[in-house]
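Contents: one structure, followed by commentary.
Numbering (the numbering used here), first residue to last: 22 to 295.
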């Protein structure tokens, strides 16, 4: 490294390295250090985590760490897995002892769908965020979906987990219709005042999943599994522009050309606009 502080110039070449480091108050580890990046390896591990989490969303940090070490022969420790899962915005759907604390300014709303028969469009909408891998980085996809018809009303991509891209999707969806109830998880984007104020201004009831309840938002979880197996895992998006075009084409196909057995072999669009 050049930053050896000219440690081996001609006037000091006869001094041993440890003595030169002592004179400069420089740790020897710093002198011998060679910078390197593990970004490529992290991307590889994140791709594996994404695929395993899509298959088994009940796995948390210990389970995915075990799976990587024993099934994929990737010697990673739980600290790396925890850091990457946090970066990806995912966590086990199973309850655990270390749940995150809610933001003090963000109200949590009760779950309103228990024992509710959902049988018609615009009765209940739902929204969620998932991790989308690209060839050399990653982005986040948010979708707003009508529960009864499975129709994807709107979607948006972002390279960060901020609230603004969720708000963009919400406003686009509200241009199409309006639900009686809007159900989400307790993510900070959906508990934010920006999000809840818009729903309240439109007189939409707010419902939120209980922590660790895997089936409260089951239909959008199925959407993520379908999108990833039928679209994302089949492509290596080189950048966000290509990802946006390809995902847009697939979601249009999902809405208009992919019939569902639960919808009596109708498409989501046919069911929503029936």
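Here a beta-carbon is modelled for each residue, glycine too, at the ideal position from N, C-alpha and C. The structure displayed is predicted, hence computed values, not measured ones.
Neighbour-count burial assignment, residue i, 16 or more Cβ in a 10 Å radius
i, result
"residue 292", "buried"
"residue 142", "buried"
"residue 80", "buried"
"residue 180", "exposed"
"residue 239", "exposed"
"residue 60", "exposed"
"residue 294", "exposed"
"residue 105", "buried"
"residue 157", "exposed"
"residue 252", "buried"
"residue 191", "buried"
Residues bridged to residue i (per DSSP)
i, result
"residue 148", "165"
"residue 226", "202"
"residue 160", "153"
"residue 178", "162"
"residue 287", "281"
Beta-carbon proximity list for residue i, same chain, < 8 angstroms, skipping 5 on both sides
i, result
"residue 245", "75, 149 and 151"
"residue 69", "89, 93 and 95"
"residue 230", "132, 204, 205, 206, 207, 237 and 238"
"residue 250", "75"
Nearest residue (CA-CA) to residue i, options the options
i, options, result
"residue 259", "99, 77 and 154", "154"
"residue 242", "140, 225, 166 and 279", "166"
"residue 112", "147, 144, 145 and 71", "71"
"residue 215", "189, 108, 200 and 283", "189"
Residue-level contact to chain C via CB, residue i, 8 angstroms cutoff
i, result
"residue 99", "Absent here is chain C; the protein component of the structure consists of one chain."
Neighbourhood of residue i by C-beta, 7 angstroms cutoff - its chain only, sequence neighbours within 5 removed
i, result
"residue 256", "267"
"residue 276", "172, 173, 288, 289 and 290"
Own chain, CB closer than 6 angstroms to residue i, minus 5 neighbours either side, in chain order
i, result
"residue 22", "With a pLDDT of 40 at residue 22, under the threshold of 50, the predicted position of this residue should be treated as unreliable, and no value is reported."
**Q.** Stretch-stretch touch, CB-based, cutoff 8 angstroms, three pairs: the segment 158 to 176 with the segment 212 to 230
**A.** The segment 158 to 176, when compared against the segment 212 to 230, does not touch it at the 8 angstroms Cβ threshold.
Q: Answer yes if the segment 165 to 185 comes into contact with the segment 262 to 281, meaning at least three C-beta pairs across the two stretches below 8 angstroms, and no otherwise.
A: yes
Q. Quick check: the segment 88 to 97 against the segment 130 to 137, are there 3 or more CB pairs under 8 angstroms?
A. By the Cβ criterion, the segment 88 to 97 is not in contact with the segment 130 to 137, since fewer than three pairs of Cβ atoms, one from each stretch, lie closer than 8 angstroms.
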